[in-house]
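What follows is a set of notes on a single structure, which appears directly below.
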Amino acid sequence: MNGFIELAKTLDWSPLWISLKTGVVATIISFFLGLWAARKVIKKDYRAKSILDGILTLPMVLPPTVAGFFLLLIFSRRRAFGIFLNDTFDIQVVHTWLGCIIAATVIAFPLMYRNARAAFEQIDANLVYAGRTLGMSELSIFWRIVVPTAGPGIASGTILTFARAMGEYGATSMLAGNIPGKTGTVSQRIAMVIQDGDYVTAGFWVIIVLIIAFFAIFLINMITGKHMKNVRKW
Amino acid sequence: MKRLYADIHRRIGEFDLNVLIDSDAERVGILGESGSGKSMTLRSIAGIEAVDSGHIEVDGRVLYDSSEKTDLKPQKRNVGYMFQNYALFPTMSVMKNVMAGLGRPTEENRGKASDMLKRFRMDGFEDRLPGELSGGQQQRVALARIMVTEPALILLDEPFSALDSYLRDRMQVEMLEMLEDYTGQVVMVSHSRDELYRFSNELFVLSKGSIIRHGETKSVFREPENAIAARLTGCKNFSAAKVVDDHTIEAADWGVTLKLDRDIPADITSIGYRAHNFSPVYGEKQENCIRFDLMRVDDLPFEKNYYIRTLNDDAPLCWFVQGEEQRILEERGLPDYLKMNEDDILLLK
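Chain order of the listed sequences is W and F. Read in order, the letters of the first sequence correspond to residues 1 to 234 in my numbering. Read in order, the letters of the second sequence correspond to residues 235 to 583 in my numbering.
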């Protein structure tokens with residue numbers, strides 16, 4: 001125990017802040033993108049829906065290293081788009097914190113999108129129609145009626161997205177690398193110290209991850225649980 | 235001037251919707267079975283359902299016209315729509331629901347919503363959520379939410395079907411009261427002839443996507459003109475008919491020949507007779523009488539249903555007896571014949 005306290009004092013805390021920052025930014029991006037994509041997809045007919053849904057869900061099903069491979073193909077400074085970003089906007093993705101965010105967003109986005117979509121599909125279309133006949137704008141209907149009504153589903157999607165984005169390893173290590181203090185996230189730090197045989201530091205980080213993960217699940221249950229009060233036990 | 239004109243054409247699965255409603259009545263009813271296209275008609279007028287072609291106009295303002303490519307968004311139609319399940323926004327308080335259609339939450343709009351809630355006796359419930367209200371209260375909020383936007387036309391889609399039977403009767407009376415000060419037209423769609431008889435001045439009867447009869451409500455009930463409209467307005471007894479001459483018609487399924495004072499059009503193909511309209515006859519057979527050959531009696535809380543055997547075993551005659559008549563029957567016993575009164579005989583095409 002004393003060892004842990006000693007460790008906490010001398011520890012480089014930067015992985016936690018990098019992970020949290022990455023998680024928050026990736027979640028914000030996924031949140032809006034996910035709601036937008038979910039809204040677009042449920043408007044489509046059956047065939048278009050299946051295809052779009054497949055593409056949008058793919059990053060969740062693929063091994064993260066495969067996603068990382070594609071991201072490298074796109075953003076590498078030796079390839080067209082990477083060169084374009086670098087020369088025109090002075091934006092570098094590979095081996096930067098921006099790389100962390102992009103990798104985490106791509107991997108976590110499907111969780112937001114799928115949860116939002118499932119929640120939207122449960123919404124009584126009459127609520128939207130009622131909003132329209134009352135003269136409410138489409139934007140106002142979406143933010144004041146649809147999103148609050150789909151609230152529990154969207155909230156649990158957001159938390160899952162955050163947890164997934166924070167813990168992302170595979171794609172991040174390929175695109176952003178593990179530069180301490182810059183792109184070194186908690187997951188990458190755990191992998192690194194284990195390679196060095198430092199199980200104490202690894203264990204320390206594992207406990208922190210466990211606490212955050214448990215807290216996330218607890219939060220989901222609190223939010224969705226309110227609406228589950230009337231469900232009969234069986 | 236108040237006038238709804240809706241000429242609506244739309245291809246849907248089993249049949250096509252081809253509806254023409256042209257009415258200047260204050261309270262318009264659309265009667266039809268479920269799946270007859272009546273809700274679709276209402277949704278098309280409100281603009282929440284697409285139309286293939288036609289023309290929709292309210293008080294001279296064109297909402298939709300396929301040849302001029304006019305198709306106003308539902309937001310711009312100024313048509314209030316009350317949904318079967320009321321569609322109150324579940325996460326918004328009663329007050330916010332009523333203010334939803336008013337735009338910015340200014341002091342003036344808050345006042346308007348407040349007044350409307352007071353008028354519908356829902357003051358004191360401003361902060362409740364819709365889920366905490368009874369069915370009748372939800373309906374009042376839904377109507378308040380519509381009325382506060384001052385629509386040119388109000389559409390009611392089966393407004394009482396979500397209520398239990400006690401509340402349904404009460405809300406029908408209440409609805410008429412609540413709409414009393416409203417000066418625009420109201421269209422109500424229902425499968426219940428009782429609701430529409432009470433509510434509407436003009437009635438349109440819809441079957442499989444087409445209007446099969448329309449007119450002043452009471453006259454549609456008095457003379458439904460065709461068998462489907464007769465059935466929808468509650469007629470229980472039907473027989474195939476053969477016109478013998480101008481004043482004689484043969485009801486084949488019942489095995490009687492009826493003599494009428496009025497002229498019988500040559501194209502009459504069937505006869506209808508409402509179950510409440512028979513008169514019991516004791517002793518001698520009179521004109522337009524059917525032998526009382528009892529098949530079955532059903533006891534209901536406030537009436538007795540007698541089923542009388544006819545030539546067609548699948549179609550016994552129904553005779554529904556209530557109140558005073560029921561007492562006479564108890565005193566004098568079952569009659570020998572049932573008489574069909576000339577004015578009640580429905581000649582159908």
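Even for Gly, the Cβ is constructed at its ideal location relative to N, Cα and C.
In chain A, what lies closer than 8 Å to residue i by C-beta?
i	result
W:MET136	Among the protein chains of the structure shown, namely W and F, there is no chain A.
If you run the structure through DSSP and keep just helix, strand and coil, what is residue i?
i	result
F:GLU360	coil
W:TRP13	coil
F:ILE246	coil
F:GLN217	What is shown of chain F runs 235 to 583, which leaves residue 217 of chain F out entirely.
W:ASN115	helix
F:GLY314	strand
F:GLU521	coil
W:PHE75	helix
W:ALA48	helix
W:MET60	helix
F:ASN539	strand
F:GLU484	strand
F:ILE629	For chain F, the structure presents residues 235 to 583; residue 629 of chain F sits outside this window and is missing.
F:ARG508	coil
F:ILE264	strand
W:ASN178	coil
F:MET529	strand
F:LYS476	strand
F:ALA240	strand
F:VAL515	strand
F:LYS602	An answer regarding residue 602 of chain F cannot be provided, because it is not within the stretch 235 to 583 covered by chain F.
F:ASN546	coil
F:LYS573	strand
W:LEU33	helix
F:ASN460	coil
F:LEU568	coil
Buried or exposed: which applies to residue i, given that a residue is buried once 16 or more other Cβ atoms fall within 10 Å of its Cβ?
i	result
F:ASN312	buried
W:GLY197	exposed
F:GLN556	exposed
F:SER273	buried
F:SER268	exposed
F:MET574	buried
F:MET381	buried
W:PHE215	exposed
W:TYR46	exposed
W:ILE83	exposed
F:MET333	buried
F:ILE498	buried
W:TYR199	exposed
W:VAL186	buried
F:VAL423	buried
Do residue i and residue j have their C-beta atoms within less than 8 Å of each other?
i	j	result
W:SER14	W:GLY177	no
F:ARG543	F:PRO550	yes
W:ARG144	F:PRO308	no
F:PHE433	F:ARG261	yes
W:PHE204	W:LEU16	no
F:CYS552	F:LYS452	no
W:PRO59	W:GLY170	no
F:PHE359	F:GLN371	yes
W:THR161	W:LEU111	yes
F:LEU568	F:LEU528	yes
F:SER441	F:SER257	no
W:ASP126	F:ALA474	According to the sequence displayed, residue 126 of chain W carries Asn and not Asp. Their beta carbons are not under 8 Å apart, which means W:ASN126 does not touch F:ALA474 by this criterion.
F:ASP391	F:LEU254	no
F:ALA509	F:PHE554	yes
Kindly give me the distance between the Cβ atoms of residue i and residue j, rounded to whole angstroms, as I take these residues to be in contact under 8 Å.
i	j	result
W:VAL209	W:ALA202	That pair is no contact at about 10 Å.
F:LEU582	F:ALA486	About 14 Å separates the two Cβ atoms, so there is no contact after all.
W:ARG68	W:MET174	Before going further, note that residue 68 of chain W is Gly rather than Arg in the sequence given. At roughly 3 Å, the Cβ-Cβ gap stays under 8 Å, so W:GLY68 and W:MET174 are in contact.
F:ILE242	F:GLY288	5 Å
W:ILE179	W:HIS95	6 Å
F:VAL439	F:LEU238	At roughly 17 Å, the Cβ-Cβ gap does not stay under 8 Å, so F:VAL439 and F:LEU238 are not in contact.
F:ALA259	F:GLU436	4 Å
F:GLY337	F:ASN343	7 Å
F:LEU265	F:LEU466	6 Å
F:SER395	F:GLN318	6 Å
F:ASN539	F:ASP547	Actually they are not in contact, since the Cβ atoms of F:ASN539 and F:ASP547 sit about 17 Å apart, beyond 8 Å.
W:PHE75	W:PHE81	7 Å
Less than 7 Å separating the Cβ of residue i from some heavy atom of the ligand SAH?
i	result
F:PHE317	Questions concerning the ligand SAH fall outside what the structure shown contains, since it holds no ligand whatsoever.
Alpha helix (DSSP H) segments (min. 4 residues) lying fully within the region 387–450 of chain F: Contiguous alpha helix (DSSP H) elements confined to the region 387–450 of chain F occur at 399–412 and 427–433, taking only those with 4 or more residues.
For a minimum of 4 consecutive residues, which ranges assigned as the alpha helix (DSSP H) are wholly contained in the region 272–349 of chain F? Taking only runs of at least 4 residues, the alpha helix (DSSP H) segments lying wholly in the region 272–349 of chain F are 272–280, 308–311 and 328–333.
In chain order, which alpha helix (DSSP H) runs of at least 4 residues are fully inside the region 111–176 of chain W? The qualifying runs are 125–133, 138–141, 151–167 and 170–175.
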